[in-house]
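A short write-up of the structure that comes next.
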Amino acid sequence: MTYTIDIAGLKRDLPICPLNDSLAIGAFVMFGDVEITRHAAEKLLEKLPEVDYLIAPEAKAIPLIYEMSRQSGIPYLLARKKAKAYMSGIFEVTVQSITTAGEQTLVIDTADAEAMNGKRIAIVDDVISTGESLRAMEALVGKAGGNIAARAAVLAEGDAANRDDILFLAPLPLFKPDGTVL
0 MTYTIDIAGL KRDLPICPLN DSLAIGAFVM FGDVEITRHA AEKLLEKLPE
50 VDYLIAPEAK AIPLIYEMSR QSGIPYLLAR KKAKAYMSGI FEVTVQSITT
100 AGEQTLVIDT ADAEAMNGKR IAIVDDVIST GESLRAMEAL VGKAGGNIAA
150 RAAVLAEGDA ANRDDILFLA PLPLFKPDGT VL
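Going by numbering that gives the first Met the number 0, the first residue of the sequence shown is number 0, and it counts up by one from there.
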């Protein structure tokens, strides 16, 4: 089963993946799809207000944020899933994502926090669904003293498409496990 989606003029067939007995999602994975990554980056940049930094959670948004930075020259930062040996002065928050089993941690260090302090920040992700990852990213930016200027994603899944505080390129419905739209 697949769902065909139009992402600002480019179509993709997303496999429908059951999460449990009552819910399935259209799996959007940008890894390896250079065309959609370049296109989505360009189209999201057209929607962004002026910002000083882009930040994204590790890992699926990495190609997108890199390409947005490459096209625009806006520097980017990553919220890591785990503190690394080279990181000092850790800022962390926990999050429960719709696609990740169990609790997950997002981490930045003092250097990233200092870079964001007082700056206009755009939070970028591939898909915003329940908003849990977005809330965690907002908390990290807030702890660092950054000013959230935009929240952007390629796709807004389910009820996230009804939010007026998210910039996105296409809505993505949620599905029943049989592939029908909820």
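Don't be surprised by glycine CBs; every beta carbon is placed ideally from N, CA and C.
The structure presented is a predicted model; accordingly, all values stated were derived computationally and were not measured.
Out of curiosity, what's the CA-to-CA distance linking residue i and residue j?
i       : j       : result
Arg-162 : Pro-170 : 11 Å
Val-182 : Gly-144 : Because the chain here runs from 0 to 181, residue 182 falls outside it and cannot be looked at.
Ala-114 : Ser-132 : 21 Å
Asp-32  : Lys-142 : 34 Å
Lys-80  : Glu-34  : 27 Å
Gln-103 : Lys-83  : 15 Å
Is residue i buried or exposed, if buried means 16 or more other CB atoms sit within 10 Å of its CB?
i       : result
Tyr-75  : buried
Glu-156 : buried
Phe-30  : exposed
Pro-62  : buried
Ser-21  : exposed
Glu-66  : buried
Pro-56  : buried
Asp-158 : exposed
Tyr-52  : buried
Ala-40  : buried
Val-153 : buried
Is there a Cβ of chain C sitting closer than 9 Å to that of residue i, yes or no?
i      : result
Ile-54 : Of the chains in the structure shown, none is chain C; there is only one protein chain.
Given residue i, which residues of its chain have a CB within under 6 Å of its CB, disregarding the five upstream and five downstream residues?
i      : result
Met-0  : Ile-15, Gly-178
Leu-43 : Ala-151
Gly-88 : Asp-108, Thr-109
For the beta strand (DSSP E) that contains residue i, what are its first and last residues?
i       : result
Arg-150 : 146-156
Ala-202 : Shown here, the chain extends from 0 to 181; a query on residue 202 therefore has no answer.
Glu-113 : Unbroken run through Glu-113 is the alpha helix (DSSP H), 109-115; no beta strand (DSSP E).
Tyr-2   : 1-6
Phe-174 : No beta strand (DSSP E) holds Phe-174; DSSP gives it neither H nor E.
What are the boundary residues of the alpha helix (DSSP H) that residue i is part of?
i       : result
Ile-61  : 61-71
Leu-44  : 33-46
Leu-139 : 131-143
Thr-179 : Counting along the chain, Thr-179 falls outside any alpha helix (DSSP H), and DSSP gives it neither H nor E.
Asp-20  : Asp-20 -> no alpha helix (DSSP H), and no H or E assigned at all.
So, at 8 Å on beta carbons, what are the nonlocal neighbours of residue i in its own chain, with the 5 sequence-adjacent residues on each side left out?
i       : result
Phe-174 : Tyr-2, Ile-15, Leu-22, Ala-23, Ile-24, Gly-25, Val-180, Leu-181
Thr-36  : Met-29, Pro-62, Leu-63, Glu-66
Considering only the beta carbon of each residue, do residue i and residue j sit closer than 9 Å?
i       : j       : result
Ile-120 : Ala-78  : no
Ile-54  : Asp-12  : no
Val-50  : Ala-135 : no
Leu-166 : Leu-18  : no
Counting only the same chain and skipping the five closest in sequence on each side, list residues whose C-beta sits under 7 Å from that of residue i.
i      : result
Ala-60 : Val-123, Asp-124, Asp-125
Ser-68 : Leu-53, Pro-74, Tyr-75
Val-92 : Leu-105, Ala-135, Ala-138, Leu-139
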